[in-house]
Every structure is written in structure tokens, then in C-alpha cells.
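The structure under discussion appears below in the form of C-alpha cells.
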Ligand SMILES: [Zn+2]
């Protein structure tokens, strides 16, 4: 067994260990069905359910146990020196995320909007959604996830003038149980660098989301 990790951490595992994890989960979910009182082995609709649930939970925690998608970073320093670049925000969104809430292990489905202002490096465009989706594939608390997106891109870019992240998501733990509030969204945002000081930049970012 690998060392236990925190819900937001990443510890890539070799495929054979993931396979062992799946087999173990399958046995445990079979035990859950038995404990609930189901004759699942003789029910054609349930006989493969432990296998399906095991696979599903591994899918939902993929971001914990697979390496971060590779990133293409382009160097802008020469253009920047020649004054070609300036402060140009790069906006990407909506990026659809499917996650799991740490409190109830029920799905969270939503959209992430991301913007950054390059310093000396720019990111390959398709990599931004890939990384955000990977970050979401683990049990999350939306408030912390929003900040984790900022932190991750800060580490990738090393030098960046600003980062803005906006997350709007529905939490199944709120829509299908508890208060049963099926139309409520949770909205969180996090800002770094120029966005912290410059209200106009923040307003422009939020306007693009509403468009
Ligand atoms: Zn929850």
C-alpha cells in the first residue's frame, strides 16, 4: 500500500498498483451491498455493480494518482523585450469540471473560467483545460480548489503578471439531499497579482464570463 495522502495531494501510482486498488475496492463495495441487505450476486442488474463503483471512484480520484498532464510553455521574453506583448489577458472558459465533494463523496459539476496575464511565458492553450480537469478529479472543497488552480499555474509559469479564476458549480450533496436545493450554484473566485490591485481587470474578466 502507498502512503495515505490528503484529498488535494497527488501521488502517481504505477498501473499494477491501481489495478490492486480496484480489486480491493470491488470487494469492499460488494460488502457494502451485502450490508445494505441486497442479494446482488443473483440480481442481473447488480451483479457487476461493485466492479462499476470501484471503477467510478478511481475515475473520480484520477487527479490524485496519475501524473499532471504535460505542459507546453512558450518563452516570450524576446518579444516582451521588444515591447510587443504588454499586458494582454488570456481568457479560457467555460472549462467543464466533474469532481467529488470531500464531505459527502457526491459529484460536483460545474464550470471554471481562467485568465492570466503572461510575463515571460505563455501556456499551450489546450493544456489549461487539461490541467484544470485533472485538478478537479479528486475530492475537493470548492473554495480550496479555486485557490489550488491559481497556485498550480503560478508554479507552472513561475513568472506571471496575474491570474484570475472563477468557479461556478452545482454540488449534488446540496441538490439531491439535505436542503434539496436543485437550482443553487456555488460561486468562488480567486485573484493573484495585477488582479488583486486592479479593479478594472477584475471587472473585465467577470464581464467575459457573463458574455
Ligand atoms: Zn458535500
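Numbering (this note's numbering), first residue to last: 5 to 215. Built from N, CA and C at the ideal position, the CB exists for glycine as well.
Residues near residue i in its chain [Cβ-Cβ closer than 6 Å; skip 5 each side]
i, result
"residue 157", "167"
"residue 140", "101 and 103"
"residue 199", "166, 168, 205 and 206"
"residue 123", "163, 164 and 165"
Which residues DSSP lists as bridging residue i, in chain order
i, result
"residue 143", "104"
"residue 117", "170"
"residue 195", "168"
"residue 99", "116"
"residue 94", "120"
"residue 111", "104"
"residue 190", "173"
Start and end residues, alpha helix (DSSP H) containing residue i
i, result
"residue 34", "19 to 40"
"residue 212", "203 to 214"
"residue 62", "53 to 64"
"residue 179", "176 to 179"
Near ligand 1: residue i beta-carbon under 7 Å from a heavy atom
i, result
"residue 110", "yes"
"residue 6", "no"
Own chain residues within Cβ distance below 8 Å of residue i, not counting five before or after
i, result
"residue 77", "125, 126, 127, 128, 160 and 161"
"residue 136", "99, 101, 116, 118 and 153"
"residue 177", "105, 107, 108 and 110"
"residue 75", "127, 128, 131, 135 and 160"
"residue 34", "44 and 54"
Contact with chain B by residue i, beta-carbon distance below 8 Å
i, result
"residue 18", "The chain labelled as chain B is not found in the depicted structure, where only one protein chain is given."
Element boundaries [beta strand (DSSP E), containing residue i]
i, result
"residue 125", "125 to 127"
"residue 77", "77 to 79"
Nonlocal neighbours in the same chain, by C-beta distance under 7 Å from residue i, ignoring five residues either side
i, result
"residue 97", "115, 116, 117, 118 and 213"
"residue 45", "51"
"residue 244", "Look at the range of the chain in this structure, 5 to 215, and you will see that residue 244 is not part of it."
"residue 73", "131, 134, 135 and 138"
"residue 61", "29"
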